[in-house]
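Participant: Here you go, one structure.
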Amino acid sequence: MLNGRTVSLLLILILILAACSGGGGGEQSQGDTQKNESNPVTDRGNEIVIGVTAEPQNWDPIDTFLLDWSTVANSVFEGLMERTLDLELKPGLAESYEYLDDKTLEFKLREGIEFHNGEPFNAEAVKFSFDRLLGEEGQKGPQYSNYTSIDSVEVIDDYTVQFKLNTPDPVLLTKLAGYGAVIVPPGYVQEEGDENFNNNPVGTGPFKMTEYKRDQTIVLEKNENYWQEGLPKLDKVTFKVIPEASTRLAELQTGKIDIMKRVEVAQADSVKDSGFLELMEVGTPTVYALRFDTSKKPVDDVRVRQAINYAIDKQAILDEIMGGYGTLISTFQSELSFGNNPDLEPYPYDPEKAKQLLKEAGVAEGTALDVYIPGDDGNFKEIAQAVAFYLEEAGLKMNINSVDQTTLISDLIPNANAGHMYRMGWGGWTLDFDNTAYLMYHEGEQWNPSFKDEKVEELLAAERNTVDENEREAIFKELTEVLYELAPEVNLYQAVDLYAVNNRVKNFQPPHEDRMRLEEVTVE
1 MLNGRTVSLL
11 LILILILAAC
21 SGGGGGEQSQ
31 GDTQKNESNP
41 VTDRGNEIVI
51 GVTAEPQNWD
61 PIDTFLLDWS
71 TVANSVFEGL
81 MERTLDLELK
91 PGLAESYEYL
101 DDKTLEFKLR
111 EGIEFHNGEP
121 FNAEAVKFSF
131 DRLLGEEGQK
141 GPQYSNYTSI
151 DSVEVIDDYT
161 VQFKLNTPDP
171 VLLTKLAGYG
181 AVIVPPGYVQ
191 EEGDENFNNN
201 PVGTGPFKMT
211 EYKRDQTIVL
221 EKNENYWQEG
231 LPKLDKVTFK
241 VIPEASTRLA
251 ELQTGKIDIM
261 KRVEVAQADS
271 VKDSGFLELM
281 EVGTPTVYAL
291 RFDTSKKPVD
301 DVRVRQAINY
311 AIDKQAILDE
321 IMGGYGTLIS
331 TFQSELSFGN
341 NPDLEPYPYD
351 PEKAKQLLKE
361 AGVAEGTALD
371 VYIPGDDGNF
381 KEIAQAVAFY
391 LEEAGLKMNI
401 NSVDQTTLIS
411 DLIPNANAGH
421 MYRMGWGGWT
431 LDFDNTAYLM
441 YHEGEQWNPS
451 FKDEKVEELL
461 AAERNTVDEN
471 EREAIFKELT
481 EVLYELAPEV
491 NLYQAVDLYA
501 VNNRVKNFQP
511 PHEDRMRLEE
521 VTVE
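Note that UniProt numbering has the sequence shown beginning at 1, numbered continuously upward.
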């Protein structure tokens, strides 16, 4: 066992060095040559440019669940509740809230707020937004199922609304700080139509979107009428879509962008060696897994899914490929999530157990599995190569397919066309396992094309029918144990995000869950 593990680590290291030699080495030398150079950004004024990996291609908040949406649109839209950069939940567009009873939640709204187009924010706008989310249009998208506990929203007066619930909802307040629950302008949406709104969003946030070129740039400009006095402090923010990490780093090093999102581990030293850049890291609720399409043979057999879990040395991957940036997980949630079960240990690396289970399941030597990953994630390309090595050692062949991230998430996975396994990253934005568990394991959800288990369905229903935290914790403990045995995915790690920031940028705090807050950011 020891010798096999040592050989495995050495072979993975060879993979990493091979990957780095194609691009990482060049990035390192670039960083070295710039170490003593002055800051190349001299004439940008009171604005910043941010390099991002992708954009959602649809800015309507009820049509998306992508973290790339939140990176930008968190500055455009606001909800009744908000979650701060320190993950504190507090009123947003609402001034206050009160539960009148278990099924009636009342909000008092802030007065004097306008949408970017001049429409007033009021109770009618809140009602319209939730009628739309829960109506025919909203039911087409992925946000709807998070808010089905809301039976109706009633206007009490211009600045008071009541949410009438059809069942108690223990995580409603935190969900109201989420993407789908942001408030939209009724007149604008009705007059201009949904298609226009997809590309020309209007909210109440500190910045308004003034330009959008798909897959290229998004321009936000200061909302001069923003309701929080003195904010935002920047005049303009431009997001540049740059899928390749090496290109993002080059743009950062030459001063074309000020903030780089998704610094890869192999690039960290290049940033540290620069005289005008800072590497910033932040723990996240985001977790990564290789999920199984349980409708496809041989991974429809739980023994095969368990075998694949045993076959992969996840700690070696985390240490050697991720540079230790991350935490192993036993189920598809982070340690920040309510419902995380600390008693469950990740599947251990046990290649002999893997081979035994594959033999019991009757899986022939050399059986091929198709795996789909996003092509713009350099870290995960290396992880996929390492996983392919481990599976080959267990007698399985892995065919790696790289595709556009948006295509993978929005098309291939929902339509069960993402092979036997596919990379899935999940942000756990409510910091409650309900969000992840329901959308990943409840039958018929957009990102659950095939998995179904009666016991899981029973437990999902039970946790949503009580607001007692002790009861919910007990239910989640049982649910995680059931899911652990069923192994609907290979759980890999909880992520640490790396950002690179030009020293001219001040007061930027990297977000735990991709939702950038830029209103306090300044430049010098």
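We put the beta carbon where it would ideally sit given N, CA and C, even for glycine.
Output yes or no for whether 9 Å exceeds the beta carbon distance between K103 and N166.
Facilitator: The sequence position of residue 103 within the sequence shown is 103, counting from 1. The sequence position of residue 166 within the sequence shown is 166, counting from 1. A contact, by the Cβ cut-off of 9 Å.
Participant: One question on the structure: do L439 and S337 come within less than 9 Å of each other, judged by their Cβ atoms?
Facilitator: Counted from its first residue, the sequence shown places residue 439 at position 439. Counted from its first residue, the sequence shown places residue 337 at position 337. Cβ distance not < 9 Å, so L439 and S337 don't count as in contact.
Participant: Tell me the DSSP secondary structure of E244 in three-state form.
Facilitator: One-based indexing of the sequence shown puts residue 244 at position 244. Coil.
Participant: For the structure I just gave you, are there three or more beta carbon pairs, one from the segment 439 to 450 and one from the segment 292 to 300, closer than 8 Å?
Facilitator: These segments touch.
Participant: Can you grab the Cα-Cα spacing for the pair A364 / G375, in whole Å?
Facilitator: The residue labelled residue 364 in the question sits at position 364 within the sequence shown. The residue labelled residue 375 in the question sits at position 375 within the sequence shown. Roughly 30 Å between the two C-alpha positions.
Participant: So, is T284 buried or exposed, given that buried needs 16 or more other C-beta atoms within 10 angstroms?
Facilitator: Taking the sequence shown and counting its residues from 1, one reaches residue 284 at position 284. By the neighbour-count rule (16 or more Cβ atoms within 10 Å), T284 is buried.
Participant: Can you find the residues in the same chain that come closer than 7 Å, C-beta to C-beta, to A245, ignoring five residues on each side of it along the sequence?
Facilitator: Taking the sequence shown and counting its residues from 1, one reaches residue 245 at position 245. Closer than 7 Å at Cβ, skipping near neighbours: R262, E264, Q267, G378.
Participant: Excluding the five sequence neighbours on either side, which residues of its own chain have a C-beta within less than 7 Å of the C-beta of N117, listed in chain order?
Facilitator: Within the sequence shown, residue 117 is the residue found at index 117, counting from 1. The residues are P185, Y188, V202.
Participant: With a threshold of 8 Å, are at least 3 pairs of Cβ atoms found where one atom belongs to the segment 247 to 262 and the other to the segment 497 to 507?
Facilitator: Taking 8 Å as the limit for Cβ pairs, the verdict is that the segment 497 to 507 does touch the segment 247 to 262.
Participant: What is the rounded straight-line gap between the Cα of V49 and the Cα of N507?
Facilitator: Counting from 1 along the sequence shown, the entry for residue 49 is found at position 49. Counting from 1 along the sequence shown, the entry for residue 507 is found at position 507. Between V49 and N507, the C-alpha separation is close to 15 Å.
Participant: Considering Cα atoms alone, identify which of E55, Y97, T331 is closest to K240.
Facilitator: Sequence index remark: in the sequence shown, residue 240 carries index 240 (1-based). Ranking E55, Y97, T331 by Cα distance to K240 puts E55 first.
Participant: Taking all protein chains shown into account, decide if P170 is buried (16 or more other Cβ within 10 angstroms of its Cβ) or exposed.
Facilitator: Translated into positions along the sequence shown, residue 170 becomes position 170. Counting Cβ neighbours within 10 Å, P170 comes out buried, since at least 16 surround it.
Participant: Name the residue from A73, A94, E88, T71 whose alpha carbon lies nearest to the alpha carbon of L80.
Facilitator: Numbered from its first residue, the sequence shown carries residue 80 at position 80. With distances taken between Cα atoms, L80 lies closest to A94.
Participant: Straight-line CA distance for S29 to S274?
Facilitator: Residue mapping note: residue 29 aligns to position 29 of the sequence shown, counting from 1. Residue mapping note: residue 274 aligns to position 274 of the sequence shown, counting from 1. The predicted model places S29 with a pLDDT of 38, which falls under 50 and marks its position as unreliable; any figure quoted below should be read in that light. Their Cα atoms are separated by approximately 10 Å.
Participant: Which partner residues of residue 561 appear in the DSSP bridge assignment?
Facilitator: For the chain, the structure presents residues 1 to 524; residue 561 sits outside this window and is missing.
Participant: Rank M209, V237, T210, K477 by C-alpha distance to the C-alpha of G45 and give the top, closest one.
Facilitator: Indexing the sequence shown from 1 puts residue 45 at position 45. The shortest C-alpha separation from G45 is found at V237.
Participant: Exposed or buried, what is A368 when buried is set at 16 or more other beta-carbons lying within 10 Å of its beta-carbon?
Facilitator: Reading the sequence shown from its first residue, position 368 is the one you call residue 368. By the 10 Å Cβ count, A368 comes out exposed.
Participant: Spell out the partners DSSP gives residue 525 in its beta bridges.
Facilitator: A question about residue 525 goes unanswered here, because the residues of the chain that appear run from 1 up to 524.
Participant: By the three-class DSSP mapping on this structure, what secondary structure does P142 have?
Facilitator: If you number the sequence shown from 1, residue 142 lands on position 142. Correct three-state label for P142: coil.
Participant: What do you get for I413, buried or exposed, if any count of 16 or more other CB atoms within 10 angstroms of its CB means buried?
Facilitator: Stepping through the sequence shown from its first residue, residue 413 is reached at position 413. Buried.
Participant: Would you call the segment 400 to 410 and the segment 483 to 494 in contact, with 3 or more CB pairs under 8 Å?
Facilitator: Verdict: no, contact absent.
Participant: With three or more beta-carbon pairs closer than 8 Å as the criterion, would you say the segment 306 to 319 touches the segment 343 to 362?
Facilitator: Touching, yes, given that three or more Cβ pairs across the two stretches are closer than 8 Å.
Participant: For the putative contact between D514 and L67, defined by C-beta atoms under 8 Å, what is the C-beta separation to the nearest angstrom?
Facilitator: Taking the sequence shown and counting its residues from 1, one reaches residue 514 at position 514. Taking the sequence shown and counting its residues from 1, one reaches residue 67 at position 67. That belief holds up - the Cβ atoms of D514 and L67 are roughly 4 Å apart, short of 8 Å.
Participant: I'd like to check one pair, L87 with I317: are the Cβ atoms closer than 9 Å?
Facilitator: Within the sequence shown, residue 317 is the residue found at index 317, counting from 1. Within the sequence shown, residue 87 is the residue found at index 87, counting from 1. No, they are not a contact pair.
Participant: What three-state label does DSSP hand N470 in the structure shown?
Facilitator: Translated into the one-based positions of the sequence shown, residue 470 becomes position 470. Helix, per DSSP.
Participant: What's the call for S70, buried or exposed, on a 16-neighbour Cβ count within 10 Å?
Facilitator: Within the sequence shown, residue 70 is the residue found at index 70, counting from 1. Buried, since its Cβ has 16 or more Cβ neighbours within 10 Å.
Participant: From the DSSP output, which residues share a beta bridge with K296?
Facilitator: Taking the first residue of the sequence shown as 1, we reach residue 296 at position 296. Answer is none; K296 lacks a bridge partner.
Participant: May I ask which residues mark the beginning and end of the alpha helix (DSSP H) holding P346?
Facilitator: If you number the sequence shown from 1, residue 346 lands on position 346. P346 -> no alpha helix (DSSP H), and no H or E assigned at all.
Participant: Please confirm whether P40 and M280 have their CB atoms less than 9 Å apart.
Facilitator: For the purposes of this step, residue 40 is taken as the residue at position 40 of the sequence shown. For the purposes of this step, residue 280 is taken as the residue at position 280 of the sequence shown. Against a cut-off of 9 Å, the Cβ pair of M280 and P40 comes out as no contact.
Participant: Measure the C-alpha to C-alpha separation of Q494 and L85 and round it to an integer number of angstroms.
Facilitator: Within the sequence shown, residue 494 is the residue found at index 494, counting from 1. Within the sequence shown, residue 85 is the residue found at index 85, counting from 1. So the two alpha carbons sit approximately 18 Å from each other.
Participant: Measure the C-alpha to C-alpha separation of L77 and W429 and round it to an integer number of angstroms.
Facilitator: As a first step, residue 77 is located in the sequence shown; it is residue number 77 there, counting from the start. As a first step, residue 429 is located in the sequence shown; it is residue number 429 there, counting from the start. Checking the sequence shown, residue 77 turns out to be Phe, not Leu. The straight-line gap from Cα to Cα measures roughly 16 Å.
Participant: Buried or exposed, going by whether 16 or more other CB atoms sit within 10 Å of the CB of G22?
Facilitator: Locating residue 22 in the sequence shown gives position 22, where the first residue counts as 1. Any reading at G22 needs caution, since the residue's pLDDT is 39, under 50, leaving its predicted position unreliable; the model's value is listed next. Flag for G22 reads exposed.
Participant: Grab me the residues of N122's own chain with a C-beta within less than 6 Å of its C-beta, minus the 5 sequence neighbours each way, in chain order.
Facilitator: As a working mapping, residue 122 is identified with position 122 in the sequence shown. The answer, listed in chain order, is D158.
Participant: Closest to F332 by CA distance: which of A361, F65, A437, V521 is it?
Facilitator: By 1-based counting over the sequence shown, the position of residue 332 is 332. The option with the nearest alpha carbon to F332 is A437.
Participant: Please return the same chain residues whose Cβ sits closer than 8 Å to the Cβ of E137, not counting the five positions on each side in sequence.
Facilitator: Stepping through the sequence shown from its first residue, residue 137 is reached at position 137. Hits under 8 Å: I62, D194.
Participant: DSSP three-state call for E392: helix, strand or coil?
Facilitator: Counting from 1 along the sequence shown, the entry for residue 392 is found at position 392. E392 falls in the helix class under three-state DSSP.
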